[in-house]
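These protein sequence lines map, in sequence, to chains P and H.
Each residue of the first sequence is one higher than the one before, counting from 489 in our numbering.
Each residue of the second sequence is one higher than the one before, counting from 529 in our numbering.
Accompanying notes for the structure given below.
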Amino acid sequence: MKSLGNIRRSFAPWNDPSAKPYISFENVTKRFGDFTAVNNLSLVIFEREFFALLGASGCGKSTLLRMLAGFEEPTSGRILLDGQDLRGIPPYKRPVNMMFQSYALFPHMTVESNIAFGLKQEGMPKADIDKRVAEMLKLVKLEPFAKRKPHQLSGGQRQRVALARSVAKRPKVLLLDEPLGALDKKLREETQFELMDLQQSLGLTFVVVTHDQEEAMTMADRIAILDKGQVMQVATPAEVYEAPASRFVAGFVGNVNLFEGKVATREGATARIEDGKGTSILADNAGEAAVGSAVTFAIRPEKIKVSSREPAGTPNALAGEIYDIAYLGDMTVYHVKLDAGPVVRASTVNSARATDDPLSWNDRAWISFLPDAGVVLTR
Amino acid sequence: MQRLGNAITSRLVIIVPYLWLLFFFLVPFAIVFKISLSQTAIAMPPYVPVLTLQDGWSALMEQLSELNFDNYVWLTEDPLYFNAYISSVWIAGVSTFLTLMIGYPIAYGMARAPASIRPTLLMLVILPFWTSFLIRVYAWIGILKPEGLLNQVLLATGIIDTPLIILNTHTAIFIGIVYSYLPFMVLPLYATLEKLDYSLIEAAQDLGCPQTTAFWKITFPLSLPGVVAGCLLVFIPAVGEFVIPDLLGGSQTLMIGKTLWNEFFNNRDWPVASAVAVILLLLLVVPIMLFQNAQARAQER
Numbered sequence: 489m490k491s492l493g494n495i496r497r498s499f500a501p502w503n504d505p506s507a508k509p510y511i512s513f514e515n516v517t518k519r520f521g522d523f524t525a526v527n528n529l530s531l532v533i534f535e536r537e538f539f540a541l542l543g544a545s546g547c548g549k550s551t552l553l554r555m556l557a558g559f560e561e562p563t564s565g566r567i568l569l570d571g572q573d574l575r576g577i578p579p580y581k582r583p584v585n586m587m588f589q590s591y592a593l594f595p596h597m598t599v600e601s602n603i604a605f606g607l608k609q610e611g612m613p614k615a616d617i618d619k620r621v622a623e624m625l626k627l628v629k630l631e632p633f634a635k636r637k638p639h640q641l642s643g644g645q646r647q648r649v650a651l652a653r654s655v656a657k658r659p660k661v662l663l664l665d666e667p668l669g670a671l672d673k674k675l676r677e678e679t680q681f682e683l684m685d686l687q688q689s690l691g692l693t694f695v696v697v698t699h700d701q702e703e704a705m706t707m708a709d710r711i712a713i714l715d716k717g718q719v720m721q722v723a724t725p726a727e728v729y730e731a732p733a734s735r736f737v738a739g740f741v742g743n744v745n746l747f748e749g750k751v752a753t754r755e756g757a758t759a760r761i762e763d764g765k766g767t768s769i770l771a772d773n774a775g776e777a778a779v780g781s782a783v784t785f786a787i788r789p790e791k792i793k794v795s796s797r798e799p800a801g802t803p804n805a806l807a808g809e810i811y812d813i814a815y816l817g818d819m820t821v822y823h824v825k826l827d828a829g830p831v832v833r834a835s836t837v838n839s840a841r842a843t844d845d846p847l848s849w850n851d852r853a854w855i856s857f858l859p860d861a862g863v864v865l866t867r
Numbered sequence: 529m530q531r532l533g534n535a536i537t538s539r540l541v542i543i544v545p546y547l548w549l550l551f552f553f554l555v556p557f558a559i560v561f562k563i564s565l566s567q568t569a570i571a572m573p574p575y576v577p578v579l580t581l582q583d584g585w586s587a588l589m590e591q592l593s594e595l596n597f598d599n600y601v602w603l604t605e606d607p608l609y610f611n612a613y614i615s616s617v618w619i620a621g622v623s624t625f626l627t628l629m630i631g632y633p634i635a636y637g638m639a640r641a642p643a644s645i646r647p648t649l650l651m652l653v654i655l656p657f658w659t660s661f662l663i664r665v666y667a668w669i670g671i672l673k674p675e676g677l678l679n680q681v682l683l684a685t686g687i688i689d690t691p692l693i694i695l696n697t698h699t700a701i702f703i704g705i706v707y708s709y710l711p712f713m714v715l716p717l718y719a720t721l722e723k724l725d726y727s728l729i730e731a732a733q734d735l736g737c738p739q740t741t742a743f744w745k746i747t748f749p750l751s752l753p754g755v756v757a758g759c760l761l762v763f764i765p766a767v768g769e770f771v772i773p774d775l776l777g778g779s780q781t782l783m784i785g786k787t788l789w790n791e792f793f794n795n796r797d798w799p800v801a802s803a804v805a806v807i808l809l810l811l812l813v814v815p816i817m818l819f820q821n822a823q824a825r826a827q828e829r
């Protein structure tokens, strides 16, 4: 398989076998009564990494974060930070800080005192506190609002106060619980890049919890996809998207077309997958899938080409009929009902302006894709 | 047209509480104030002058001219009244403080209890109100008297060997007031503490505060409105409290409520009793109004 890890940045300690993990979850289980929130989970996070925990609500991602912050103790297993076992260390002694989903700003204190709060607890001299607070206010561009109370600020400003307060103490790790959840879409996109810049300039390790895959993809170096208290896959955004480890991951991140079938023949890494109802797909990267075994072929909509005439010279061309067209501006999404039965989602980027779409509803159409455009999933 | 109708309706809604205050507070207060300016007399009602329009305007004006501040002067001349005021404020102050000390942990515990049992706990706080106040205070006599329940238990367990004298002391009054007024402290405190976002405490801990520091820096300041409301609800009625000092405090306890009672019913001196009541009202209302004004202004900032 082609290496996808280096697409984004050259920072990749997870590919370096000698790199020391900064945070490790070792066989961590957390139960609340008879509900298992985190189930025998192991995970490592490296220093200066921007790490995202992605999953639907109730998958255990917030519990992981709260265990790191010290608000919950694991039922079993252990959590190490920089080589130190965190068990029994109360939240106020841990070198991590958290930005809360609700921001949890102290309503009876000004912006300034909110930011200074942690520093005062540390017993930092007043002059240093003032200097650090000024620095933080500048960092989040809130200097004119230093004397305001939280209720006099907008949602975006409050979010920045919360951020400034949580990084003011220069924690080893910053935990962010749905940091952008309360912001509107436009502000959220801006803030994503601000957070990335901040992480770069401060050189901190960020662990962010989110249910928004786009947010995780944009910001994180690596993403852990969680389901029912277990890690489904830990990988870079590109790997998660292009080489999902399972049907769950493929379906959770982005849009995907799944073809269920059996491996009919194999030649090296290339397999022919047939569903027995007339669909036959040639796929590279078949991995370990043995002949006769049940597999799923997963392919992203943008990897599929839609044409009005039968394409020549492509190993995978399936005939069907245009079922639905959605014009989204930047791209057009086609739903093609194949003659063999399944409906396939394919998208085309509208790179040219004002071209007439040759395809229309109920037209005959062919979809085609290269053998390496999709992945073969056995799980 | 409908706008006008709405405007009138909203005015009417505002008028209702004002009318209530006018008829049930201001008018009675004016009557009491007028009596306090009168002179005692053996008559029915037991004071002169009695204002009436029967004899025309000039007679009324003459009656009005008979009113004077002699009773207020009298209050300053006899140290009994001054001492009674001071003693009342002292007893009410100590009781309010004790009620706060006991009520705060109760309210805090209730607010932190699982949401499913909170209604039950709330019910338990209100439950004593279902029994007559008088009966509950009498019950304390049975508990506190030298041969009462408390002493019997303490003697039987060998903790003490001579009975404690609690009844007819200030301690008994404190116990009575704290017991009777506890719900008035707990309810407003519970209301503010329950609203408190627990993530604020977590945030404080996350930023380096141990639990106790987090309490004093976050929980307590944010619960101050509840503390103030609870203290006022206990302090104000406790200053004028009559039944508890009379039943539990014995004859030597000096409280303004008892002084009032004596003036009204033993001495039949309505004008002096009214003057005592007016002064009591001014002593309580004026500082509270100033305080609330200051607080409202502080909140606007």
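The beta carbon of each residue, even a glycine, is placed where N, CA and C say it ideally should be.
Consider the Cβ of residue i: report whether some Cβ of chain P lies at a distance smaller than 7 Å.
i	result
H:L750	yes
H:P753	no
H:S727	yes
H:Q733	yes
H:C737	yes
H:A824	no
H:E722	no
H:E590	no
H:E730	yes
Does any CB atom of chain H fall closer than 7 Å to the CB of residue i?
i	result
P:M684	no
P:A652	no
P:N585	yes
P:Q609	yes
P:G606	yes
P:F513	no
P:F740	no
P:R588	With the sequence shown as reference, residue 588 of chain P is identified as Phe, and Arg is not the correct amino acid for it. Judged by the 7 Å Cβ criterion, P:F588 is in contact with chain H.
P:V864	no
P:A592	yes
P:H596	yes
P:Y580	yes
P:A557	yes
Between residue i and residue j, what straight-line distance do the alpha-carbon atoms span, to the nearest angstrom?
i	j	result
P:F534	H:S644	42 Å
P:E514	P:L569	11 Å
P:G829	P:A592	52 Å
H:V665	H:A569	36 Å
P:R735	P:I855	22 Å
H:L672	H:I705	14 Å
H:L603	P:P638	52 Å
H:L532	H:V544	19 Å
H:D606	H:A612	11 Å
H:L724	H:T747	8 Å
P:N595	H:L752	Sequence check: residue 595 of chain P is Pro here, not Asn. Going from the Cα of P:P595 to the Cα of H:L752 covers about 13 Å.
P:D691	P:G764	For the record, residue 691 of chain P in the displayed sequence is Gly; it is not Asp. Computed Cα separation, rounded: 54 Å.
Please look up how many angstroms separate the CB atoms of residue i and residue j, rounded, as I've assumed it's under 8 Å.
i	j	result
P:F785	P:F538	Contact flag wrong, Cβ pair sits at about 32 Å.
H:S566	H:P577	6 Å
H:K786	H:D774	6 Å
P:A540	P:A704	4 Å
P:R760	P:L770	6 Å
P:T706	P:Q687	In fact, because the Cβ distance is near 12 Å, the residues do not count as touching under 8 Å.
P:D665	P:F588	6 Å
P:I792	P:D851	Actually they are not in contact, since the Cβ atoms of P:I792 and P:D851 sit about 16 Å apart, beyond 8 Å.
P:M720	P:A738	Incorrect: roughly 10 Å between the Cβ atoms, too far for contact.
Report the residue from the options whose alpha carbon sits nearest the alpha carbon of residue i.
i	options	result
H:V560	H:G754, H:A826 and H:V804	H:V804
H:I688	H:L678, H:C759, H:S751 and H:L808	H:L678
P:F580	H:R531, H:L715 and H:P738	The sequence given here has Tyr at residue 580 of chain P, not Phe. Selected option, being the one with the closest Cα: H:P738.
P:I603	P:Q572, P:S642, P:S654 and P:A738	P:S654
P:G571	P:V621, P:F520, P:G521 and P:A507	P:A507
P:R519	P:G565, P:D573 and P:A544	P:G565
H:L592	H:V767, H:T537, H:L628 and H:K562	H:K562
P:A500	P:P583, P:S768, P:P725 and P:S796	P:P725
H:P573	H:A824, H:F792, H:V756 and H:W618	H:F792
P:F633	P:P667, P:L662 and P:M597	P:M597
P:N804	P:A861, P:P562 and P:L662	P:A861
Positions along the region 798-817 of chain P whose CB lies within less than 9 Å of some CB in chain H: For the region 798-817 of chain P, the set of residues with a beta-carbon nearer than 9 Å to any beta-carbon of chain H is empty.
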